[in-house]
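Per my numbering: the sequence shown = residues 3 to 631. Where a beta carbon is used, it is the ideal one built from N, C-alpha and C, also for glycine.
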Amino acid sequence: MAKKQFKTESKKLMDLMINSIYTNKEIFLRELISNASDAIDKLYFKSLTDSTVGISKDDFGILITLDKDARTIKVSDNGIGMTRDELENNLGTIARSGSLDFKNENNTDDKIDIIGQFGVGFYSAFMVASKVTVVSRAFGSDEAYLWESSGADGYTISETTKDSLGTEITMTLKPDSDDENYSEFLEEYRISGIIKKYSDYVRYPIRMYREKTREKERPADAGEDYTPEYETYTELETVNSMIPLWKRQAKDVTDEEYFGFYKDKFMDYSDPAKVIHTSAEGAISYNALMFIPSRAPYDYYTREYEKGLQLYTSGVMIMDKCADLLPDHFSFVKGVVDSQDLSLNISREMLQQDRQLGIIRRNLEKKIKNELKSMLTADRDKYEEFWKNFGRQIKFGCYNSFGQNSDLLKDLLIFWSAKENKMITLDEYVTAMGSEQKYIYYAAGDTAERLAKLPAARTVLDKGCDLLLLSEDVDEFCLQVLREYNEKQFKNINSGDLELETEDEKKAADKASEESKDLLDAVRKALDGKVKDVRISTRLKEHPVCITADGPLSIEMEKILASMPGDDKPVSDKVLELNANHPVFEKLKTADPDKLKKYAGILYNQARIIEGLPIEDPVEYTKDVCDLF
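#1: Taking the alpha carbon of residue 312 as the point to measure from, which residue in 461, 328, 297 and 50 has its own alpha carbon closest?
#2: What are the complete beta strand (DSSP E) segments, minimum 3 residues, inside the stretch 395-433?
#3: Touch check for the stretch 289-303 and the stretch 331-343: three-plus C-beta pairs under 8 Å?
#4: Under three-state DSSP, which class holds residue 100?
#5: Excluding five sequence neighbours on each side, which residues of the same chain lie with their C-beta closer than 7 Å to the C-beta of residue 228?
#6: Going by C-alpha distance, which of 417, 473 and 190 is nearest residue 67?
#7: Give the C-beta separation of residue 139 and residue 93 to the nearest angstrom, bearing in mind that I take them to be a contact with Cβ-Cβ under 8 Å.
#8: So residue 237 and residue 212 are supposed to be a Cβ contact under 8 Å. How far apart are they, rounded?
#9: Name, in chain order, the residues that DSSP records as bridge partners for residue 78.
#10: How many whole angstroms separate the CB atoms of residue 208 and residue 240, which I take to be in contact at a CB cut-off of 8 Å?
#11: Give the list of continuous alpha helix (DSSP H) stretches no shorter than 4 residues that lie fully inside the stretch 163-236.
#12: Nearest to residue 310 by CA position, among 319, 316, 323 and 298, is which residue?
#13: Quick check: is the beta carbon of residue 493 nearer than 8 Å to any beta carbon in chain B?
#14: Output needed for residue 270: all residues of its chain with C-beta closer than 6 Å, excluding positions within five of it in sequence on either side, in chain order.
#15: Since residue 549 is in the beta strand (DSSP E), which residue starts that stretch and which ends it?
#16: Quick one: is residue 235 buried, meaning 16 or more other Cβ sit within 10 Å of its Cβ, or exposed?
#17: Three-state secondary structure (DSSP) at residue 146?
#18: Enumerated in chain order, which unbroken segments of the alpha helix (DSSP H) with a length of 4 residues or greater are wholly contained in the stretch 471-513?
#19: Pairing CB atoms from the stretch 563-581 with CB atoms from the stretch 522-533, are three or more of them under 8 Å?
#20: For residue 441, list the residues DSSP reports as bridge partners.
#21: Taking residue 26 as the reference, which of 83, 184, 91 and 431 has the closest Cα?
#22: Write down the C-beta distance between residue 247 and residue 70 rounded to the nearest angstrom, noting that I regard them as a contact closer than 8 Å.
#23: Within 10 angstroms of the Cβ of residue 479, are there 16 or more other Cβ atoms? Answer buried if so, exposed if not.
#24: Looking at residue 490 and residue 373, is the spacing between their C-beta atoms short of 8 Å?
#25: Identify every run of the alpha helix (DSSP H) within the stretch 250-327, keeping only runs that are complete inside it and at least 4 residues long; order them along the chain.
#26: Look up residue 625 in the DSSP assignment and say whether it is helix, strand or coil.
#27: Do you know how far the Cα of residue 159 is from the Cα of residue 150?
#28: Residue ranges of each alpha helix (DSSP H) run of no fewer than 4 residues wholly in the stretch 527-613, ordered along the chain?
#29: Look at residue 1 and residue 48 and say whether their C-beta atoms are less than 8 Å apart.
#30: If you drop the 5 nearest sequence neighbours on each side, which residues of the same chain put their C-beta closer than 6 Å to that of residue 100?
#31: For residue 364, which of 216, 288 and 443 has the nearest alpha-carbon?
#32: Do residue 200 and residue 318 have their CB atoms nearer than 8 Å?
#33: So, are the CB atoms of residue 606 and residue 589 less than 8 Å apart?
#34: For residue 5, which residues of its own chain have a beta-carbon under 8 Å away from its beta-carbon, when the five flanking residues on both sides are left out?
#35: Can you tell me the Cα-Cα spacing of residue 420 and residue 394, whole angstroms?
#36: Whole-angstrom Cβ separation of residue 297 and residue 391, contact assumed at under 8 Å?
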């Protein structure tokens with residue numbers, strides 16, 4: 003029998019596919035199962051209008067048979083089969099897709115869903131097989147044909163016999179080598195695992211003969227000292243689930259089913275905090291089942307963490323973690339997306355059209371945001387628990403990319419309220435503001451407890467205003483990017499004018515500043531460039547001194563940036579503010595130049611301590627304190 007050569011430079015293409023495109027050898031089974039499912043789809047479609055098919059939907063299926071002795075794997079289906087010409091055209095020419103031709107010719111877009119529109123998945127068998135044979139009998143024909151090939155050298159087609167419709171692909175595995183263990187694909191558990199991983203939701207049953215053990219029947223005269231005997235037998239089992247949870251109506255799925263699916267699929271022992279079951283039809287159709295975990299994975303805030311949703315097309319898993327389906331600010335979400343509308347390239351590993359993914363991503367992003375907003379409104383305790391785990395990521399989402407996602411995320415933000423003594427949203431803060439209040443006030447630092455004791459904090463609260471206490475390094479950067487909320491600007495209580503003083507207080511401060519101009523200049527000179535200016539404070543009531551920032555860079559932001567790698571550390575413009583009504587200020591007025599310099603140094607370092615900054619020279623500071631006794 004003359005061997006035929008592959009067309010369209012198939013020798014080079016096959017070598018490229020086997021060695022380059024398909025890097026994960028186990029996907030050969032996914033490809034063959036998908037092709038078998040396509041073949042069944044075609045026959046099922048014909049059965050809708052052709053009564054001679056004689057096979058009901060319940061009778062369709064795919065059979066996987068392993069033979070360790072012969073080192074073969076067989077994939078059989080009772081689908082539409084192939085004629086001699088179809089074997090020639092579909093298997094003899096790489097990159098020709100019989101499935102796509104069928105779909106186009108029959109205009110089945112709205113009637114049937116064809117998984118394989120790729121034309122080359124069959125050739126992935128040569129990743130693991132040294133020889134592949136295909137026996138096929140087409141619907142409407144009594145003749146069957148054998149296609150046989152050992153690789154890129156070519157193939158043969160000959161007549162053969164087959165009792166039933168469909169296709170049977172037999173792969174003879176390559177010998178094991180030091181680098182590759184092909185024998186693993188002869189193990190039932192391995193094949194079953196591959197099916198569950200990639201093809202669990204193919205709509206037709208995928209069956210395997212599984213070897214089992216049972217106790218032999220006991221003899222009637224067996225005594226007490228009888229030792230049980232066991233025997234092995236084979237049983238035909240369905241391996242795949244067929245109907246994915248995400249394609250069922252949400253009202254028909256119980257919480258136990260959702261939670262069990264989540265725990266099994268994503269290896270978590272805790273129930274999810276939220277289940278999001280959604281679907282869409284239109285320009286692109288998809289089903290999605292997503293989960294918000296109830297706790298952060300141990301590696302969540304590390305570089306090793308990989309975000310992404312599992313991507314399926316028509317029940318066949320294409321990617322385990324499709325990062326393009328999730329924005330970074332929702333990277334904690336786990337789940338699956340299944341769409342039959344995605345255009346895939348020949349390896350099914352990469353997506354051809356980012357636009358399609360972009361549509362799904364934007365829809366999922368809005369859905370996740372709305373579900374989180376619903377949790378915030380309807381179940382505050384659960385949302386605050388979620389916030390402890392993932393709030394930092396939401397805040398990073400507001401800050402990253404120059405705040406382009408801040409409008410989407412700002413209503414999800416919550417911060418600790420010094421006035422309410424609980425977490426509140428920005429909307430709740432603004433709603434409770436007095437009509438005369440101009441700003442949303444906040445303090446930023448390491449702990450809420452320390453921030454609540456800042457000199458300016460008491461002033462803000464005494465004026466009847468609330469104060470947000472920001473204790474994470476990203477918090478102030480997040481608010482700086484937002485700039486305002488509902489036309490109310492954010493104001494750090496240790497930066498700039500708080501604009502809380504009355505007219506009388508303003509006049510008193512202006513008068514004190516004018517009367518003490520020489521003293522303030524003397525203190526500034528005594529500090530020798532450590533501060534930009536020395537001023538009379540309108541924010542101090544009980545404390546003698548504080549240090550504030552003049553400009554966009556706050557003292558807290560300076561501290562955070564200073565802890566990061568790099569030599570170019572930005573420094574804030576600092577202002578020392580003095581309380582003109584405090585007894586210490588009276589001491590300054592009467593101090594001689596030497597004492598004034600010591601007082602200035604002590605007050606400056608005390609202000610640094612209050613602000614959480616280190617003392618620049620502890621030895622000099624303690625000496626100055628002792629000298630003034």
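The short version:
#1: Looking only at 461, 328, 297 and 50, the smallest Cα-Cα distance to residue 312 is reached by 328.
#2: If one requires a minimum length of 3 residues, the beta strand (DSSP E) runs lying completely within the stretch 395-433 are 416-419 and 424-427, in chain order.
#3: Yes: at least three Cβ pairs fall under 8 Å.
#4: The pLDDT assigned to residue 100 is 46, lower than 50, so where the model puts this residue is not dependable, and the model offers no usable value.
#5: The beta carbon of residue 228 sits closer than 7 Å to those of 220, all from its chain and outside the five residues before and after it, given in chain order.
#6: A check of alpha carbon separations from residue 67 across 417, 473 and 190 identifies 190 as the nearest.
#7: Wrong, their Cβ atoms sit about 15 Å apart, outside the cutoff.
#8: About 6 Å separates the CB atoms of residue 237 and residue 212; that is less than 8 Å, so the two are in contact.
#9: According to DSSP, residue 78 bridges with 65 and 170.
#10: Distance from residue 208 to residue 240 at the Cβ level is roughly 7 Å; contact confirmed, criterion being Cβ atoms closer than 8 Å.
#11: Taking only runs of at least 4 residues, the alpha helix (DSSP H) segments lying wholly in the stretch 163-236 are 190-200.
#12: Answer by Cα proximity: 323.
#13: Absent from the structure: chain B. Only one protein chain is present.
#14: For residue 270, there are no CB contacts under 6 Å within the same chain when 5 residues up- and downstream are skipped.
#15: That run of the beta strand (DSSP E) goes 547-551.
#16: Residue 235 is exposed by the Cβ-count criterion.
#17: In the three-state reduction of the DSSP assignment, residue 146 falls in the strand class.
#18: You should have 477-484.
#19: Segment contact: the stretch 563-581 against the stretch 522-533, three or more CB-CB distances shorter than 8 Å; contact assigned.
#20: Looking at the DSSP assignment, residue 441 forms a beta bridge with 491.
#21: A check of alpha carbon separations from residue 26 across 83, 184, 91 and 431 identifies 184 as the nearest.
#22: Contact flag wrong, Cβ pair sits at about 35 Å.
#23: With 16 or more other Cβ atoms within 10 Å, it is buried.
#24: For residue 373 and residue 490, no; Cβs fall outside 8 Å.
#25: You should have 257-268.
#26: In this structure, residue 625 counts as helix in the three-state DSSP scheme.
#27: Distance between the alpha carbons of residue 150 and residue 159: 7 Å.
#28: As summarised for the stretch 527-613, the continuous alpha helix (DSSP H) elements at least 4 residues long and confined to that stretch are 557-564, 585-592 and 595-612, given in chain order.
#29: Lying before the first or after the last residue shown, residue 1 is absent from the chain, which here runs from 3 to 631.
#30: Unreliable positioning characterises residue 100 in this predicted model, as indicated by a pLDDT of 46, which lies under 50. A coordinate reading is not provided.
#31: Comparing Cα positions, the closest option is 288.
#32: Their beta carbons are under 8 Å apart, which means residue 200 touches residue 318 by this criterion.
#33: The Cβ atoms of residue 606 and residue 589 lie no closer than 8 Å to each other.
#34: Same-chain partners within the cutoff: 155, 156, 157 and 158.
#35: Cα to Cα, the separation comes out at about 20 Å.
#36: Right, the Cβ-Cβ distance comes to about 6 Å (below 8 Å), so this counts as a contact.
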